[in-house]
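The opening position of the sequence shown corresponds to residue 2 in the numbering used here, with each subsequent residue numbered one higher.
Below: the structure, in structure tokens.
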Amino acid sequence: MLTFLTIIFTLNISFFVNGKESNLPPLKIHPLPVSLQQWTSETQENYFSEIQPHLAGYLIWSSFPVRVYVQSPDEDLSPAGLTQFQQWQKAVRIAIESWNPYLPLIETDDSDNADIFIYRRHPPLKLEINPETGLFNRPRATAATTTVNFYLTPTPPVQLRHRMSIEVNPHQTFDYLVTNITHELGHALGIWGHSLDTNDVMYHSHSREIPSISPQDINTLKKIYQQPTRLGWNIDT
Ligand SMILES: [Zn+2]
């Protein structure tokens, strides 16, 4: 079965700081993280042209390590349910470790101070209009989704920042879980688009192949982190 992975985003353009209307901070380039400075590869190939710049600029992190909150099991789970949940957590941790050499990530229990949230639940059903008929297609279940939200830091200096939420359908085999979560983490780290090559983990869908992170994925990630963003800069108030 084909598994489609989707990305959703929203942003309020105007906002107020201390009761005063403020402009979005200008687009500027952050220093390239050391882990990406050190990345070299025999191939220069990438799929940067497929990446969507956002109104907020490229959706990149500027303070490291990026803090990842992984959902914990409820206390009333049955022993079998707990085992399944722990398998899911294991898949999440493999996915986190696979990105860690390229951008530092750290798991945190503190959901008030996390950057990326990973939840074990059904992603919302996706409604699509069929261009041929003008009617809605039957909603289809997705394996996982990544959603971005924006906020202003509550203490000075005020900055526009983002959080990423990943929802993962638990009803998948272990290998698919690892691949899907690795793919969604790619979105959460800033790869806001899809590769056209089936060998890349950011290919838009997965059927038989279980790809892992490729040099093209990291070449693309590195190029994204050399782009301007409004995220992580102080806002004049
Ligand atoms: Zn995707």
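Glycine included, every Cβ here is placed at the ideal spot set by N, Cα and C.
Next item on the list: Could you tell me whether the Cβ atoms of Asn26 and Leu161 are closer together than 8 Å?
Entry: Note that residue 26 is Pro in the sequence shown, not Asn. Cβ atoms of Pro26 and Leu161: closer than 8 Å.
Margin query: In chain order, what are the residue ranges of uninterrupted beta strand (DSSP E) at least 3 long that sit wholly in the region 79-115?
Written below: Counting only unbroken stretches of 3 or more residues, the beta strand (DSSP E) elements lying wholly within the region 79-115 are 106-109, in sequence order.
Next item on the list: Using only alpha-carbon positions, find the residue among Leu232, Leu106, Gly191 that is nearest to Lys223.
Entry: Among Leu232, Leu106, Gly191, the Cα nearest to that of Lys223 is on Gly191.
Next item on the list: Alpha carbon to alpha carbon, how far is Tyr152 from Leu232? Give it in angstroms, no decimals.
Entry: In a straight line, the C-alpha of Leu232 is about 10 Å away from that of Tyr152.
Notebook entry, point to check: Taking the alpha carbon of Thr174 as the point to measure from, which residue in Gln45, Gln72, Ala92, His55 has its own alpha carbon closest?
Noted result: The shortest C-alpha separation from Thr174 is found at Ala92.
Notebook entry, point to check: Is His55 near ligand 1, going by C-beta to nearest heavy atom under 7 Å?
Noted result: Not one heavy atom of ligand 1 falls within 7 Å of the beta-carbon of His55.
Note to self: Just to check my reading of the structure: Leu60 and Val149 have Cβ atoms closer than 8 Å, yes? What is that Cβ distance to the nearest angstrom?
What the structure shows: Contact holds; Cβ gap of about 6 Å.
Note to self: I'd like to confirm the pairing. Which residues does DSSP put opposite Gly58 in its beta bridges?
What the structure shows: In DSSP, Gly58 forms a bridge with His55, Thr230.
Check: Do the region 38-47 and the region 72-83 meet, that is, are 3 or more Cβ pairs less than 8 Å apart?
Finding: With a cut-off of 8 Å, the region 72-83 and the region 38-47 do not count as touching, because too few Cβ pairs lie within range.
Margin query: To the nearest angstrom, how far is the alpha carbon of Ala115 from that of Val69?
Written below: Cα-Cα distance, rounded: 6 Å.
Item checked: Proximity below 8 Å, CB of Gln227 to CB of Ile52 -> For Gln227 and Ile52, no; Cβs fall outside 8 Å.
Checklist line | Contacts around Thr154, its chain only, beta-carbon distance under 8 Å, and the 5 residues preceding and following it disregarded | finding: Closer than 8 Å at the Cβ level, and outside the excluded window around Thr154, lie Gln160, Arg162.
Check: Is the beta carbon of Phe65 less than 8 Å from the beta carbon of Pro102?
Finding: Between Phe65 and Pro102, the gap from beta carbon to beta carbon reaches 8 Å or more.
Next item on the list: Helix, strand or coil for Val159, going by three-state DSSP, please let me know.
Entry: Val159: coil per DSSP, three-state reduction.
Item checked: Neighbourhood of Gly194 by C-beta, 7 Å cutoff - its chain only, sequence neighbours within 5 removed -> The residues are Glu51, Ile52, Gln53.
Notebook entry, point to check: Tyr48 by DSSP, collapsed to three states: which one?
Noted result: DSSP places Tyr48 in coil when its eight states are reduced to three.
Note to self: Please identify the residue among Pro216, Val202, Ser63 whose C-alpha is closest to the C-alpha of Ser239.
What the structure shows: This structure cannot settle anything about residue 239, because the visible part of the chain is limited to 2 through 238.
Checklist line | Buried versus exposed call for Arg122 [16 or more other C-beta atoms within 10 Å across all chains shown] | finding: The C-beta of Arg122 has fewer than 16 other C-beta atoms within 10 Å across all chains shown, which makes the residue exposed.
Note to self: So, at 6 Å on beta carbons, what are the nonlocal neighbours of His205 in its own chain, with the 5 sequence-adjacent residues on each side left out?
What the structure shows: His195, listed in sequence order.
Notebook entry, point to check: What separation, rounded to the nearest whole angstrom, lies between the Cα atoms of Ala96 and Asn235?
Noted result: Their backbone Cα atoms lie some 32 Å apart in a straight line.
Check: Is His195 near ligand 1, going by C-beta to nearest heavy atom under 7 Å?
Finding: Indeed, a heavy atom of ligand 1 lies less than 7 Å from the Cβ.
Margin query: Using the three-state DSSP reduction, which class does Phe175 fall into: helix, strand or coil?
Written below: Three-state result, Phe175: helix.
Notebook entry, point to check: Exposed or buried, what is Asn13 when buried is set at 16 or more other beta-carbons lying within 10 Å of its beta-carbon?
Noted result: With a pLDDT of only 46 at Asn13, under the threshold of 50, the placement of this residue in the model should not be trusted, and no figure is reported.
Note to self: Just to confirm my understanding: we take Val67, look at its own chain, exclude 5 residues before and 5 after, and list those with CB closer than 8 Å. What are they?
What the structure shows: Counting only Cβ-Cβ distances below 8 Å, and skipping sequence neighbours, we find Leu104, Pro105, Leu106, Ile107, Asp116, Ile117, Leu190.
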